[in-house]
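Trainee: Numbering (the numbering used here), first residue to last: 7 to 226.
Let me give you the structure first, and then I'll get to my questions.
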Amino acid sequence: MASITINDLFTLQESIAGDYIKEYTYPWEILPHIGEIILKIGPSLGDAYEQRGENIWIAKSSHVYETATILGPAIIGENTEVRPGAFIRGNALVGNSCVVGNSTELKNVILFNNVQVPHYNYVGDSCLGFKAHMGAGSITSNVKSDKTLVCVKSKDEIFETGLKKFGAILGDHVEVGCNSVLNPGSVIGRNTNIYPLSMVRGVVPADSIYKNRDDIVQKV
7 MASITINDLF TLQESIAGDY IKEYTYPWEI LPHIGEIILK IGPSLGDAYE QRGENIWIAK
67 SSHVYETATI LGPAIIGENT EVRPGAFIRG NALVGNSCVV GNSTELKNVI LFNNVQVPHY
127 NYVGDSCLGF KAHMGAGSIT SNVKSDKTLV CVKSKDEIFE TGLKKFGAIL GDHVEVGCNS
187 VLNPGSVIGR NTNIYPLSMV RGVVPADSIY KNRDDIVQKV
């Protein structure tokens, strides 16, 4: 059986949403509820945060450049950097010590602590685990070309998600190489590396190196 449950993929203590996330079994079950989770957490964040605009909470220790755009509901965690030209479109929960880079776009996402999406990334309808990193130009594709519902396909199983929009799930410490595309319903296990210029689909096991769909090797 594929190891793609929330407990297989994430360190829940590395997100302020951990207590809400643990109520689900599979990570894509969180996606329709990100906005409501933010609205529950935001008002209780305390003095370390300030509210800027409607349903937008930003930690005072974070650096958000003036040319970045943030739409609510959104939370930007402590010691996080949101660089010039970033576009956060709402339903975005960004953890502590993250980097949201120039021309990066986020929409309906949870970024755990220490996630970096630093250069020209699109991340939509996705969850990125602790210390996940997306190389320059790598993106999540969150809608199938035929607009049908997204399934998660492992070697032995197919999981019906019921979602039309679902990008990718990255476990803790995943490294995605530059200019890679994570197709709808991609689930990448913990500690896995994706080669640059990859086109990823389905489940990639933990502790592996993805060269292409026919060449995935376990780390030694």
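Using N, Cα and C, we set each Cβ at its ideal position, and we do this for glycine too.
From the DSSP secondary-structure annotation, give me the bridge partner or partners of S214.
Mentor: Within the sequence shown, numbered from 1, the residue matching residue 214 stands at position 208. Partner(s): Q224.
Trainee: Are there 16 or more other CB atoms within 10 angstroms of the CB of S151, so buried, or fewer, so exposed?
Mentor: Counting from 1 along the sequence shown, the entry for residue 151 is found at position 145. That one is exposed.
Trainee: From what residue to what residue does the alpha helix (DSSP H) around E72 run?
Mentor: By 1-based counting over the sequence shown, the position of residue 72 is 66. E72 -> no alpha helix (DSSP H), and no H or E assigned at all.
Trainee: Hey, how far is the Cα of K217 from the Cα of T11?
Mentor: The sequence position of residue 217 within the sequence shown is 211, counting from 1. The sequence position of residue 11 within the sequence shown is 5, counting from 1. Distance between the alpha carbons of K217 and T11 is about 24 Å.
Trainee: Rounded to whole angstroms, what's the CA-CA distance from P124 to E20? Just pull it up for me.
Mentor: Position 118 of the sequence shown holds residue 124. Position 14 of the sequence shown holds residue 20. When rounded, the distance between both Cα atoms is 19 Å.
Trainee: For E72, which of R58, E84 and G83 has the nearest alpha-carbon?
Mentor: Sequence index remark: in the sequence shown, residue 72 carries index 66 (1-based). Cα-wise, what sits closest to E72 is R58.
Trainee: Around the Cβ of S67, are there at least 16 other Cβ atoms within 10 angstroms (buried) or fewer (exposed)?
Mentor: In the sequence shown, the residue the question calls residue 67 occupies position 61. By the neighbour-count rule (16 or more Cβ atoms within 10 Å), S67 is not buried but exposed.
Trainee: Leaving out the 5 sequence neighbours to the left and right, which residues in its chain are closer than 6 Å to L51 when beta-carbon positions are compared?
Mentor: The sequence position of residue 51 within the sequence shown is 45, counting from 1. So the qualifying residues of the chain are W63.
Trainee: Count the other C-beta atoms from every protein chain shown that fall within 10 angstroms of the C-beta of H179, then say buried if there are 16 or more, exposed otherwise.
Mentor: As a position in the sequence shown, residue 179 is number 173, starting the count at 1. H179 comes out buried.
Trainee: So, for M7: in the same chain, excluding its five sequence neighbours on each side, which residues have a beta-carbon less than 6 Å away from its beta-carbon?
Mentor: Start at 1 with the first residue of the sequence shown, and residue 7 comes out as number 1. Below a pLDDT of 50, predicted positions are generally treated as unreliable, and M7, at 49, falls in that range; no measurement from the model is reported.
Trainee: Can you tell me the Cα-Cα spacing of G141 and D53, whole angstroms?
Mentor: Against the sequence shown, residue 141 aligns to sequence position 135. Against the sequence shown, residue 53 aligns to sequence position 47. If you take the alpha carbons of G141 and D53, they lie about 34 Å apart.
Trainee: Go ahead and pull the three-state DSSP assignment for S50.
Mentor: Here residue 50 refers to the residue found at position 44 when the sequence shown is read from its first residue. The answer is helix: DSSP assigns S50 an H, G or I state.
Trainee: Would you tell me roughly how many angstroms separate the C-alpha atoms of G143 and E29, rounded to the nearest one?
Mentor: Position 137 of the sequence shown holds residue 143. Position 23 of the sequence shown holds residue 29. About 33 Å.
Trainee: Just checking my contact of I130 with N114 at CB under 8 Å: how many whole Å lie between their CB atoms?
Mentor: As a working note, residue 130 is residue 124 in the sequence shown. As a working note, residue 114 is residue 108 in the sequence shown. Reading off the sequence shown, one finds Gly at residue 130, where the question assumed Ile. Between N114 and G130 the Cβ distance is about 6 Å, and since that is below 8 Å, they are a contact.
Trainee: Output the boundary residues of the beta strand (DSSP E) element that contains N108.
Mentor: Reading the sequence shown from its first residue, position 102 is the one you call residue 108. Per DSSP, N108 belongs to the beta strand (DSSP E) from V105 to N108.
Trainee: Could you spell out where the beta strand (DSSP E) holding L15 opens and where it closes?
Mentor: The count along the sequence shown starts at 1 and reaches residue 15 at position 9. L15 -> not in any beta strand (DSSP E); alpha helix (DSSP H) instead, spanning I12 to L15.
Trainee: List the DSSP bridge partners of Y55.
Mentor: Position 49 of the sequence shown, counted from the start, is the residue given in the question as residue 55. BP columns for Y55 point to A65.
Trainee: Return the Cβ separation of I47 and A23 in integer angstroms, given the expectation that the two are a contact with Cβ distance under 8 Å.
Mentor: As a position in the sequence shown, residue 47 is number 41, starting the count at 1. As a position in the sequence shown, residue 23 is number 17, starting the count at 1. That belief holds up - the Cβ atoms of I47 and A23 are roughly 7 Å apart, short of 8 Å.
Trainee: By how many angstroms is the C-alpha of P211 removed from the C-alpha of D220?
Mentor: On the sequence shown, residue 220 is found 214 positions in, with the first residue counted as 1. On the sequence shown, residue 211 is found 205 positions in, with the first residue counted as 1. If I take the Cα positions, the gap works out to 13 Å.
Trainee: Rounding to the nearest angstrom, what Cα-Cα distance links Q224 and F118 in this structure?
Mentor: Walking along the sequence shown from the start, residue 224 turns up at place 218. Walking along the sequence shown from the start, residue 118 turns up at place 112. Taking the straight line from one Cα to the other gives about 25 Å.
Trainee: Can you tell me where the alpha helix (DSSP H) with G24 in it begins and where it stops?
Mentor: In the sequence shown, residue 24 corresponds to position 18, counting from 1. Element bounds for G24: G24 to I27.
Trainee: So, N199 versus I215, is the Cβ gap smaller than 9 Å?
Mentor: In the sequence shown, residue 199 corresponds to position 193, counting from 1. In the sequence shown, residue 215 corresponds to position 209, counting from 1. It is a contact, given that the beta carbons lie within the stated cut-off.
Trainee: What does a CB cutoff of less than 7 Å around E56 pick up in its chain, not counting 5 residues either side in sequence?
Mentor: Here residue 56 refers to the residue found at position 50 when the sequence shown is read from its first residue. The answer, listed in chain order, is I64 and K66.
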